[in-house]
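Peer 1: Below is the structure I would like to discuss, written out as structure tokens.
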Amino acid sequence: MAFKDHRDFIETLQKTGDLIEVTKEIDWDLEAGAISRRMYEMGGPSIWFKKVKDYPEGFTLYNGSLGTWRRVAISLGLSPETSVREIYRIYEERLEKPIDPVIVEKKKAPCKENIILGDQVDLYRFPAPMIHEGDGGRYIGTWDLVVTKDPETGWTNWGMYRFMVHNRRWQAGWPQPTSQLAYQMKKYYLPCNEPMPVALVIGADPIAHMVATAPFRLGEDEAKFAGALRKEPIELVKCETCDLLVPAHSEIVIEGEIPTDQIVPDGPFGEYPGYRSGTMAEGVGFRVKAITYRNNPILTMTAIGVPIDDSSIAASVTAGIAMKRGLKHRGIPVIDVYVPPEGVTHLIYVSVKKGGAQVTKEVLDYFTARRVMVSKVIVIDEDVDIFDSGQVLHAFATKCHPGRGILVEHYEGRANSLTPCYSPKERERLKGASVAFDATWPLEWPQEIVPIKASFKTIYSKEIQERILQNWKSYGFK
Amino acid sequence: MKQEYLTFVRQFKDLKEGIQKLFIKDLTPGPKKYDTKYVRAEISIDPEKMKNSDILRIRSESGVLLPQPWGIKILEELPESVPGKPWEDVFKAIDSECEITKS
Chain A
1289 MAFKDHRDFI
1299 ETLQKTGDLI
1309 EVTKEIDWDL
1319 EAGAISRRMY
1329 EMGGPSIWFK
1339 KVKDYPEGFT
1349 LYNGSLGTWR
1359 RVAISLGLSP
1369 ETSVREIYRI
1379 YEERLEKPID
1389 PVIVEKKKAP
1399 CKENIILGDQ
1409 VDLYRFPAPM
1419 IHEGDGGRYI
1429 GTWDLVVTKD
1439 PETGWTNWGM
1449 YRFMVHNRRW
1459 QAGWPQPTSQ
1469 LAYQMKKYYL
1479 PCNEPMPVAL
1489 VIGADPIAHM
1499 VATAPFRLGE
1509 DEAKFAGALR
1519 KEPIELVKCE
1529 TCDLLVPAHS
1539 EIVIEGEIPT
1549 DQIVPDGPFG
1559 EYPGYRSGTM
1569 AEGVGFRVKA
1579 ITYRNNPILT
1589 MTAIGVPIDD
1599 SSIAASVTAG
1609 IAMKRGLKHR
1619 GIPVIDVYVP
1629 PEGVTHLIYV
1639 SVKKGGAQVT
1649 KEVLDYFTAR
1659 RVMVSKVIVI
1669 DEDVDIFDSG
1679 QVLHAFATKC
1689 HPGRGILVEH
1699 YEGRANSLTP
1709 CYSPKERERL
1719 KGASVAFDAT
1729 WPLEWPQEIV
1739 PIKASFKTIY
1749 SKEIQERILQ
1759 NWKSYGFK
Chain B
40 MKQEYLTFVR
50 QFKDLKEGIQ
60 KLFIKDLTPG
70 PKKYDTKYVR
80 AEISIDPEKM
90 KNSDILRIRS
100 ESGVLLPQPW
110 GIKILEELPE
120 SVPGKPWEDV
130 FKAIDSECEI
140 TKS
């Protein structure tokens, strides 16, 4: 049974010990962010701040929905103890069966319990947190999903993009120029000089947010993949001021438009790579036209930063499986892809059936073809456990030839502007480079010269292994 | 009591004294703290030189705080947004795979 909203999910996390309620009053100005950040770094539970300074009772903050693999497993309806490998497998399996959303009437949509329109809109009604000291402002949209539509094809995109309160009726954001939101803007709205309708959704069911982090292909609706992962359709409801559809059980929905002729400044902001690098920009302006919200709204947030947190965990599985699909689509003999959360989607492991320089080059070509979010890829043979970073590091250290095993590709106009090692000049031009490390044995080596891995399972015969295992206790070992 | 404001610049050297147009954030405590205004204002590196000036704190593009605040006198509040196209500069550099315009 899927979670219909964040409240169901929170209730379950309370039962599994994965949530702590803080009843002491906390300040939205840095205190909630600092507590949440420290808790991530301790590997602790999610936190529900029940009393927020300057705000009436019932207006609460919740941090860390999917900040551990346990919580990801719970969100998918699995045992909290489910292994990462199994989470990946189940996620991939469920995606094969997309389920279309269902549209519900307004009266059945909890997110319509309160409706504020036009001049009455006021973003300061909600306790948007000032997350990190030195950020450009209060980010109301962090653990969010942003809904936009291509009016020509009907394709609706959900993406997780940051949005900051500019003033009571404007937000500023920085969906990357290579994002799918930017693609839609560039394809239709900018040429037509029409404002782009947009809805920022806060506190939908946990799976909806997870799929918003996923890099699905252009034209693919995230809503049907949310249904696939939930194993039942997600309920959507029409916005008040446009024809966009949003999750009906969301806590808060901010409706508006992105003008094509007006901008407001965004950032800087401590971002998912774990740094606040030069991400200040002439951002995207979001003119708010309506806000709808549930009674006692819960503002979901993530005090994003150094891994591991919601972003690095969710993107690990969503990006990992998307990359695997993409590599397969290109005919690359991929076995698995693992995105270690510590690598914040900059470092990717790819295991292949047959490696070598050519396959490594094809892998690198895939990662650099369009927008490039990945800067380092380690390609390994299938005998390496891809979910064990220790094994991957060993393969990289020993099998990647320092002279001929490192492939670099430079590009401009499609790099990840949030990559901290890029200079301000490179960021401005979206200029960057990606590298693939070929940690596979060359295909041209005859079998008899390939080094044998000196592990118990690989350097001893089955017969010796079985004898040792059978006699293990007799040696006096436990 | 002096009002406190905050502004961001890419690098500290970018900020020039005199009359400037800039986005500032109101640091008055309360639920509207960090509210952004676009203003025309006179700013000075030496607040003592400006009579009846308020305090302008300055942060860089990575959020580093300049140790010494400047002085600011707001002359005029301007519209809340400025003319411009989203990602205008960046789009020019992007090698798009799909350059579609509405026919």
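If you read the protein sequences in the order shown, they are chains A and B.
In the working numbering, each residue carries its 1-based index in the first sequence increased by 1288.
In the working numbering, each residue carries its 1-based index in the second sequence increased by 39.
We put the beta carbon where it would ideally sit given N, CA and C, even for glycine.
Considering only their Cβ atoms, is the gap separating V1486/A from E1440/A smaller than 8 Å?
Peer 2: Stepping through the first sequence from its first residue, residue 1440/A is reached at position 152. Stepping through the first sequence from its first residue, residue 1486/A is reached at position 198. No, they are not a contact pair.
Peer 1: Can you give, in chain order, each stretch of the alpha helix (DSSP H) that sits fully within the segment 1594-1642 of chain A and has at least 4 residues?
Peer 2: Here the runs fully enclosed are 1598-1617.
Peer 1: Check this for me: beta carbons of D1598/A and G1332/A, under 8 Å apart or not?
Peer 2: Here residue 1598/A corresponds to residue number 310 of the first sequence, with the count starting at 1. Here residue 1332/A corresponds to residue number 44 of the first sequence, with the count starting at 1. Not in contact: D1598/A and G1332/A (Cβ atoms no closer than 8 Å).
Peer 1: Return the CA-CA distance between T1356/A and I1601/A, expressed in angstroms with no decimal places.
Peer 2: Working through the first sequence from its first residue, we reach residue 1356/A at position 68. Working through the first sequence from its first residue, we reach residue 1601/A at position 313. Those two C-alpha atoms are separated by around 7 Å.
Peer 1: If you reduce the DSSP assignment to three classes, tell me which class H1698/A lands in.
Peer 2: As a first step, residue 1698/A is located in the first sequence; it is residue number 410 there, counting from the start. Three-state DSSP puts H1698/A in a strand.
Peer 1: Considering only DSSP beta bridges, list what S1334/A is partnered with.
Peer 2: Numbered from 1 along the first sequence, position 46 holds the residue referred to as residue 1334/A. Note: S1334/A sits in a beta bridge opposite L1307/A.
Peer 1: With 8 Å as the C-beta to C-beta threshold (strictly closer), list the residues of the segment 41-59 of chain B near chain A in chain order.
Peer 2: So the close ones are F47, R49.
Peer 1: State the CB to CB distance for the pair M1448/A and H1497/A, rounded to an integer number of angstroms; the pair is presumed to be in contact (CB under 8 Å).
Peer 2: Here residue 1448/A corresponds to residue number 160 of the first sequence, with the count starting at 1. Here residue 1497/A corresponds to residue number 209 of the first sequence, with the count starting at 1. So it is a contact: roughly 7 Å between Cβ atoms.
Peer 1: How many angstroms separate the CA atom of D1438/A from the CA atom of L1469/A?
Peer 2: Sequence index remark: in the first sequence, residue 1438/A carries index 150 (1-based). Sequence index remark: in the first sequence, residue 1469/A carries index 181 (1-based). Whole-angstrom Cα-Cα distance: 9 Å.
Peer 1: If you draw a straight line from the alpha carbon of A1569/A to that of M1418/A, how long is it in whole angstroms?
Peer 2: If you number the first sequence from 1, residue 1569/A lands on position 281. If you number the first sequence from 1, residue 1418/A lands on position 130. If you take the alpha carbons of A1569/A and M1418/A, they lie about 18 Å apart.
Peer 1: Going by DSSP in three states, A1460/A sits in which element: helix, strand or coil?
Peer 2: Locating residue 1460/A in the first sequence gives position 172, counting from the first residue. Of the three classes helix, strand and coil, the one that applies to A1460/A here is strand, per DSSP.
Peer 1: Looking at the strands, I want to know which residues DSSP matches up with P1485/A.
Peer 2: Walking along the first sequence from the start, residue 1485/A turns up at place 197. P1485/A is bridged to E1545/A.
Peer 1: For D1317/A, write down the residues that DSSP places opposite it in a beta bridge.
Peer 2: Within the first sequence, residue 1317/A is the residue found at index 29, counting from 1. Beta-bridge pairing links D1317/A to M1418/A.
Peer 1: Once DSSP output is grouped into helix, strand and coil, what is the label at Y1427/A?
Peer 2: Looking up residue 1427/A in the first sequence gives position 139. Strand.
Peer 1: What does I1551/A reach in chain B if we use C-beta pairs closer than 7 Å?
Peer 2: Within the first sequence, residue 1551/A is the residue found at index 263, counting from 1. The answer, in chain order, is S120, V121, G123, P125.
Peer 1: Relative to chain A, which residues along the segment 68-96 of chain B have a C-beta separation below 9 Å, given in chain order?
Peer 2: Answer in chain order: P68, G69, P70, K71, K72, Y73, D74, T75, K76, Y77.
Peer 1: Which residues bound the alpha helix (DSSP H) around S1677/A?
Peer 2: Start at 1 with the first residue of the first sequence, and residue 1677/A comes out as number 389. Start and end: 1677-1687.
Peer 1: Per DSSP, S83/B forms a beta bridge with which residues?
Peer 2: If you number the second sequence from 1, residue 83/B lands on position 44. G110/B, per the DSSP bridge assignment.
Peer 1: Using the Cα positions of D1676/A and G1305/A, report the straight-line distance between them to the nearest angstrom.
Peer 2: The count along the first sequence starts at 1 and reaches residue 1676/A at position 388. The count along the first sequence starts at 1 and reaches residue 1305/A at position 17. Their Cα atoms are separated by approximately 27 Å.
Peer 1: Buried or exposed: which applies to S1367/A, given that a residue is buried once 16 or more other Cβ atoms fall within 10 Å of its Cβ?
Peer 2: Locating residue 1367/A in the first sequence gives position 79, where the first residue counts as 1. S1367/A should be labelled exposed.
Peer 1: List the residues of chain B whose Cβ lies closer than 7 Å to the Cβ of A1470/A, in chain order.
Peer 2: In the first sequence, residue 1470/A corresponds to position 182, counting from 1. Correct list: W126.
Peer 1: Between which residues of its own chain and E1630/A is the CB-CB distance below 6 Å, once the five residues before and five after are set aside?
Peer 2: Position 342 of the first sequence holds residue 1630/A. Excluding residues within five positions, the ones whose Cβ falls inside 6 Å are P1595.
Peer 1: Between G1573/A and S120/B, which are expected to be in contact by the criterion C-beta below 8 Å, what is the C-beta distance as a whole number of angstroms?
Peer 2: In the first sequence, counting from the first residue as 1, residue 1573/A sits at position 285. In the second sequence, counting from the first residue as 1, residue 120/B sits at position 81. About 5 Å; that satisfies the 8 Å criterion.
Peer 1: Straight-line CA distance for L1307/A to V1622/A?
Peer 2: Taking the first sequence and counting its residues from 1, the one referred to as residue 1307/A is at position 19. Taking the first sequence and counting its residues from 1, the one referred to as residue 1622/A is at position 334. The alpha-carbon atoms of L1307/A and V1622/A are separated by roughly 37 Å.
Peer 1: Tell me, please, which residues DSSP counts as bridged to A1322/A.
Peer 2: By 1-based counting over the first sequence, the position of residue 1322/A is 34. Answer is none; A1322/A lacks a bridge partner.
Peer 1: Interface residues of chain B around M1473/A at Cβ under 7 Å?
Peer 2: One-based indexing of the first sequence puts residue 1473/A at position 185. P125, listed in chain order.
Peer 1: Does any residue of chain B bring its CB to less than 8 Å from the CB of T1548/A?
Peer 2: Here the question's residue 1548/A lines up with position 260 in the first sequence. It does; some Cβ of chain B falls within 8 Å.
Peer 1: Pick from Q1302/A, E1559/A, V1499/A: whose alpha carbon is nearest that of T1707/A?
Peer 2: Position 419 of the first sequence, counting from 1, holds the residue named residue 1707/A. Per the Cα distances, E1559/A.
Peer 1: Enumerate in chain order the residues of its own chain whose CB-to-CB distance from I1694/A is below 8 Å, with the five nearest sequence positions on each side excluded.
Peer 2: Start at 1 with the first residue of the first sequence, and residue 1694/A comes out as number 406. Result list for I1694/A: C1688, V1723, A1724, F1725, D1726, in chain order.
Peer 1: Leaving out the 5 sequence neighbours to the left and right, which residues in its chain are closer than 6 Å to D1673/A when beta-carbon positions are compared?
Peer 2: Start at 1 with the first residue of the first sequence, and residue 1673/A comes out as number 385. The answer, listed in chain order, is Q1679.
Peer 1: I'd like to know whether the C-beta of V1662/A is nearer than 8 Å to at least one C-beta of chain B.
Peer 2: Numbered from 1 along the first sequence, position 374 holds the residue referred to as residue 1662/A. Cβ-Cβ to chain B under 8 Å: no for V1662/A.
Peer 1: Chain B beta carbons: is any one of them nearer than 8 Å to that of L1349/A?
Peer 2: On the first sequence, residue 1349/A is found 61 positions in, with the first residue counted as 1. Answer no: the Cβ-Cβ gap between L1349/A and chain B never drops below 8 Å.
Peer 1: Does K141/B have its Cβ less than 8 Å from a Cβ in chain A?
Peer 2: For this step, residue 141/B is matched to residue 102 along the second sequence. Here the model assigns K141/B a pLDDT of 29, short of 50, so the residue's position is not dependable, and the following value carries that caveat. So yes, K141/B belongs to the interface.
Peer 1: Counting C-beta neighbours from all protein chains within 10 Å, is the total for K1400/A 16 or more, i.e. buried, or is it exposed?
Peer 2: For the purposes of this step, residue 1400/A is identified with residue 112 of the first sequence, where counting begins at 1. Under this definition K1400/A is a buried residue.
Peer 1: Where do the ends of the alpha helix (DSSP H) carrying W1446/A lie?
Peer 2: Taking the first residue of the first sequence as 1, we reach residue 1446/A at position 158. Where W1446/A is concerned, there is no enclosing alpha helix (DSSP H), although the beta strand (DSSP E) it sits in stretches over 1444-1447.
Peer 1: Assuming V1576/A and V1409/A make a contact with CB atoms under 8 Å, what is their CB distance in whole Å?
Peer 2: Here residue 1576/A corresponds to residue number 288 of the first sequence, with the count starting at 1. Here residue 1409/A corresponds to residue number 121 of the first sequence, with the count starting at 1. The pair is a contact, with the Cβ atoms about 5 Å apart (cut-off 8 Å).
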